[in-house]
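As structure tokens, the structure follows; a few thoughts come after it.
Numbering (the working numbering), first residue to last: 635 to 959.
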């Protein structure tokens, strides 16, 4: 079961860490070409192959559109294409020169690709991809072997063996994913960390890994999380709170009177661009378009919440109260 749970994390690693080395300056004539770097292309192709294999096996077993709908599969495909666009297109090269384009890249990763991928049920599909050989939980064998040795440790052993099935619920709890998303967004925009990502390819890859990972966990918790009687209401709350703190960071960038990142100041001189204006544009991208996206997704969850409440009322019970005509 563990490999099946870990398999979807391929989505979170569009570029494995390269040895620490300064990023080479991008020549002006190179920025308009697609990159197709092996360190990005190989994980993306692996992710696509994993999902396609699982989807074929699932639909062959249950029927097309069952388990995962056609729209959900198309959503994953769209999210994968957005990853390719953000990481391999000219956006990736220009982002090393213009902060506003770099912000656009991060917005595509966190607010477009991540929710599309999550809506495609990658965990369910990837389990079907690896079910032959690894799908049987290892814990079954461990339980039989270890409990035969001693009965005195059964309660402790039982708790330890149940932990791998519980940790996804803990990690994807609404408050947990909200805090992870907040920490990733704000910490990586500290000048020291952001400049390190600009200068070193391995740190830049780690930054993208954190952004996509935090966003994927966040949207997984919002879309597929369990909230008890509150339904999607909790998800709506945390989405709007995330919109607020994200907009606050964007507002700080947009209204700042000084350039936060000296590397972009130097790159702007070579590109004949006003570095402060570029930073203000980046802040506006995080503040307004990203904020609108959060609001739209939050409203979609709110609509799902209302629909869920209506279904409960139709069944004659809401929060333990039975309604009678």
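Glycine is no exception: its CB is placed at the ideal position from the N, C-alpha and C atoms.
Given 8 Å, three or more beta-carbon pairs between the segment 904-924 and the segment 837-844: No, they do not touch.
Pairwise C-alpha distance: residue 722 and residue 675: 8 Å
Closest by C-alpha distance to residue 898, when choosing among 911, 889, 886: When each option's Cα is compared against that of residue 898, the closest is 911.
Exposure label - residue 960; buried when at least 16 CB within 10 Å: Only positions 635 to 959 of the chain appear in this structure, which leaves residue 960 out of reach.
Contact check, residue 733 vs residue 909, beta carbons under 9 Å: yes
Residues bridged to residue 866 (per DSSP): According to DSSP, residue 866 bridges with nothing at all.
Distance, residue 883 Cα to residue 812 Cα: 15 Å
Nonlocal neighbours in the same chain, by C-beta distance under 7 Å from residue 931, ignoring five residues either side: 749, 873
Per-residue DSSP class, three states only, for residue 685: Helix.
Pairwise C-alpha distance: residue 928 and residue 815: 13 Å
Inter-residue spacing [alpha-carbon to alpha-carbon] between residue 805 and residue 710: 22 Å
Whole-Å CB distance - residue 744 paired with residue 849, under 8 Å assumed: 4 Å
Every unbroken alpha helix (DSSP H) within the segment 710-745, with a cutoff of 4 residues, ordered by chain: 724-728, 733-741
Distance, residue 762 Cα to residue 773 Cα: Confidence at residue 773 is low in this model, with a pLDDT of 37, below 50, so its placement is unreliable and no value can be given for it.
Residue 853 versus residue 677 - alpha carbon distance: 21 Å
Short Cβ contact (9 Å threshold) for residue 857 with residue 809: no
Proximity of residue 725 and residue 739 at Cβ, strictly below 9 Å: In contact: residue 725 and residue 739 (Cβ atoms closer than 9 Å).
Buried/exposed call for residue 891, threshold 16 Cβ in 10 Å: exposed
Beta-carbon proximity list for residue 691, same chain, < 6 Å, skipping 5 on both sides: Closer than 6 Å at Cβ, skipping near neighbours: 762.
Proximity of residue 832 and residue 838 at Cβ, strictly below 9 Å: The criterion of a C-beta distance shorter than 9 Å is satisfied by residue 832 and residue 838.
Closer than 9 Å to chain D by CB, residue 713: Annotation note: the requested chain D is absent from the structure, which comprises a single protein chain.
Rounded distance between the beta-carbons of residue 759 and residue 713, thought under 8 Å: Their Cβ separation, rounded to whole angstroms, is 13 Å, which puts residue 713 and residue 759 out of contact at 8 Å.
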